[in-house]
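Heads up: the first sequence runs through residues 83 to 575, numbered per the numbering used here. Using N, Cα and C, we set each Cβ at its ideal position, and we do this for glycine too. These numbers come from a predicted model, not from an experiment.
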Amino acid sequence: MNMDVLVSLCKRRGFIFQSSEIYGGTGSCWDYGPLGVELKHNVKRVWWRDFVQRRADMVGLDASILMHPTVWKASGHVDSFTDPMVDCRECKRRFRADQVDDMPWVHYCEATKGNKFTIAAGEPCKHCGARRTLCPECGKGQLTAPRQFNLMFKTFMGPVEEEASLTYLRPETAQGIFVNFDNVLQATRRKLPFGIAQIGKAFRNEITPGNFIFRTREFEQMEIEYFVNPHDTIEGRPADEYLHDVWIEQCKAWFTGYGVSSDHLRLHQHPDAELAHYSKRTVDILYQFPMGWSELMGIANRTDFDLKQHAKFSGKSLTWFDEERKEHVVPFVLEPSAGVDRALLAFLLDAYREEEVRNEKRVVLRFHPELAPVKIAVLPLLKKRSEIVARGHELRDRLARRWTTVYDDTAAIGRLYRRQDEVGTPYCLTVDVKTVGDAEKGEAGDGKVTIRERDSMEQIRVPIDAVDTVFGRLLDAGASWADVAREFPRAEG
RNA sequence: GCGGGAAUAGCUCAGCGGUAGAGCGCCAGCCUUCCAAGCUGGGGGUCGCGGGUUCGAAUCCCGUUUCCCGCUCCA
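Written out as structure tokens, the structure reads:
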């Protein structure tokens with residue numbers, strides 16, 4: 083799957099546009115068009131429903147993007163959410179300054195007539211005594227001075243730009259949850275373990291954004307902070323470790339449940355050396371994007387780091403009282419954190435198919451019906467017959483009360499089907515002459531319409547009175563097309 | 001930031017000193033009883049932007065911006 087093909091389709095059909103395109107575009111920002119906004123809503127809606135509403139141990143939250151600046155001091159983002167970078171002037175490779183010292187050094191030693199040695203971190207050369215000053219990779223180039231990046235967007239609260247009013251656009255939604263931990267606990271009388279979920283925008287001044295909506299400076303997260311009593315054990319294991327594995331499986335299952343092939347998913351556990359400052363263990367779910375295996379979501383065990391930090395900086399107690407053990411505990415936190423935009427991209431990529439139908443190429447997005455931006459398209463077979471058109475509009479209006487439904491009569495039926503295939507509409511409903519009859523010939527209509535399924539292109543004849551029930555089963559009750567279709571006669575294709 | 005590539009119609013691209021083009025798509029009409037059919041007509045581009053060379057620049061030169069691919073980071 084080529085990303086450019088998808089980018090082109092997304093633009094042409096109104097899923098995703100480049101931000102500020104008429105001004106030349108701006109790197110790393112994208113706008114969701116009429117179909118994209120529906121798709122994105124659907125991704126968020128099913129996630130919220132599956133992980134919040136249907137679970138007894140989860141509640142939701144919507145915290146503000148701008149917060150008290152001390153939040154980011156407590157979280158560590160002001161001090162450590164930076165990546166000083168150095169470049170080799172010779173081979174042009176780039177390194178994180180804090181990691182250069184730990185890398186073995188390729189040294190061309192002049193004392194031994196330019197022989198090449200690999201010297202471990204911090205060690206001097208045995209022959210000339212030199213310590214590393216040059217590129218660890220090529221051993222020849224001077225390194226540039228470290229350039230400091232802070233990945234947080236600065237902004238000012240209030241109209242006056244002064245240091246006192248400096249704050250940040252949140253770089254993650256998680257901190258909004260931590261600072262509300264006690265509020266939620268008091269308001270909902272929760273017992274451990276329980277979780278708080280949030281969906282919202284986050285902002286990071288990425289060094290290198292790119293790969294379409296994969297890495298952007300403004301993006302949307304779906305995050306859960308799941309609070310666990312670290313003193314509990316489950317099946318002989320610490321509860322946080324046990325439940326961490328449970329979350330990993332549930333998150334992976336969520337993606338496959340909505341159409342992502344398990345062949346395109348892979349787990350990656352961060353080596354200890356790469357763990358973030360707050361993490362005890364982090365496992366990523368990787369997806370096979372066109373540019374390679376990359377992170378779709380991360381599931382971290384953040385321990386009690388965040389709650390302890392906020393307790394320390396705010397002076398407020400952020401604990402839960404364990405009635406059994408009669409003690410205050412600072413919960414451990416499991417954090418399944420997904421990118422809405424990355425999830426959406428994975429769903430798009432996995433749905434995209436090019437098929438051969440009657441020697442013609444058919445482009446189809448095989449979205450899970452829950453994700454499809456449009457559920458039903460109502461199409462008239464002939465638009466010169468006013469009864470057909472009128473019945474079509476009537477059906478659209480009726481169905482649109484329950485499902486996203488469009489009406490289109492601007493082309494021949496074959497083209498209309500292809501258009502709907504290309505945006506992933508799972509069902510088309512066609513009104514034809516037999517539906518309404520022919521008054522001039524004295525023929526009565528049969529009151530039936532054709533329903534056509536996207537992937538199989540099969541068609542069935544369904545009485546208009548049964549249409550709502552059929553779509554209710556297909557779209558709301560999760561019935562399979564095969565099960566529903568066998569109850570109705572096939573229509574000619 | 002560094003290196004490489006690119007920018008012409010909604011999309012894919014041709015044109016490479018002499019009146020801006022093609023295919024597809026889109027819109028309107030005709031036709032059409034179920035999978036991108038056909039016919040007729042139509043809209044749409046100051047050729048990324050700025051400067052220079054020239055009688056004349058989409059085309060040559062300089063600058064600049066943006067995008068794409070690598071190096072690095074994360075959702």
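Proximity of residue i and residue j at Cβ, strictly below 8 Å
i    : j    : result
T364 : A335 : no
I306 : A145 : no
L117 : F97  : yes
A521 : V488 : no
F395 : K155 : yes
T401 : V415 : no
T298 : W129 : no
S343 : D432 : yes
I278 : V141 : yes
F276 : F235 : no
E504 : R131 : no
E535 : P508 : yes
W563 : L557 : no
K465 : D491 : yes
K122 : V422 : yes
H346 : Y369 : yes
I542 : A567 : yes
C333 : I295 : no
F570 : W485 : no
Q280 : L477 : no
V261 : V153 : yes
V518 : R473 : yes
For residue i, the nearest candidate out of the options (CA to CA)
i    : options                : result
V549 : E307, V513, D366       : V513
R252 : F263, T237, E243       : T237
L233 : D537, V422, A284, G380 : A284
R572 : T532, L556, G554       : T532
N124 : A256, P291, F429       : F429
V87  : P372, S468, M379, Q391 : P372
R348 : M379, F553, E525       : M379
G529 : E302, F263, I470, E331 : I470
G506 : R484, R478, L447       : L447
A561 : P545, P451, R424       : P451
L426 : I104, E120, W375, H150 : E120
R497 : L461, Q257, W563, Y434 : L461
P418 : T315, L463, I546, H326 : H326
G282 : K398, F263, A256       : A256
K362 : P320, N84, A420, P455  : P320
R440 : S110, R500, Y324       : R500
G115 : A358, Q135, V89, R137  : V89
C92  : Y434, E245, W375       : Y434
H159 : D264, V328, T385, A358 : A358
F263 : S468, E437, K398       : K398
M83  : T385, Q268, A355, V445 : V445
Reduced DSSP secondary structure (H/G/I, E/B, other) of residue i
i    : result
T517 : helix
L416 : strand
Y324 : helix
Y105 : helix
E245 : helix
K283 : strand
E383 : The sequence as given places Asn at residue 383; Glu does not occur at that position. Correct three-state label for N383: strand.
M539 : coil
R435 : strand
A425 : helix
L430 : helix
A156 : helix
V141 : strand
D314 : coil
Q485 : Correcting the residue type first, residue 485 is Trp in the shown sequence and not Gln. Here W485 sits in coil by DSSP.
G96  : coil
L511 : strand
R127 : helix
T237 : strand
S361 : coil
Whole-angstrom C-beta distance between residue j and residue i, which should lie under 8 Å
i    : j    : result
Y360 : L453 : Contact flag wrong, Cβ pair sits at about 32 Å.
Q303 : E377 : Going by Cβ atoms, the distance from Q303 to E377 rounds to 13 Å, so no, they are not a contact pair.
T249 : L389 : T249 to L389, Cβ: 22 Å. No contact.
Residues bridged to residue i [DSSP beta-bridge criterion]
i    : result
M304 : I281, A420
W402 : V411
G292 : R297
H350 : D366
E120 : According to DSSP, which records beta bridges pairwise, E120 is partnered with nothing at all.
E525 : D520
L251 : L148
T532 : T512, R543
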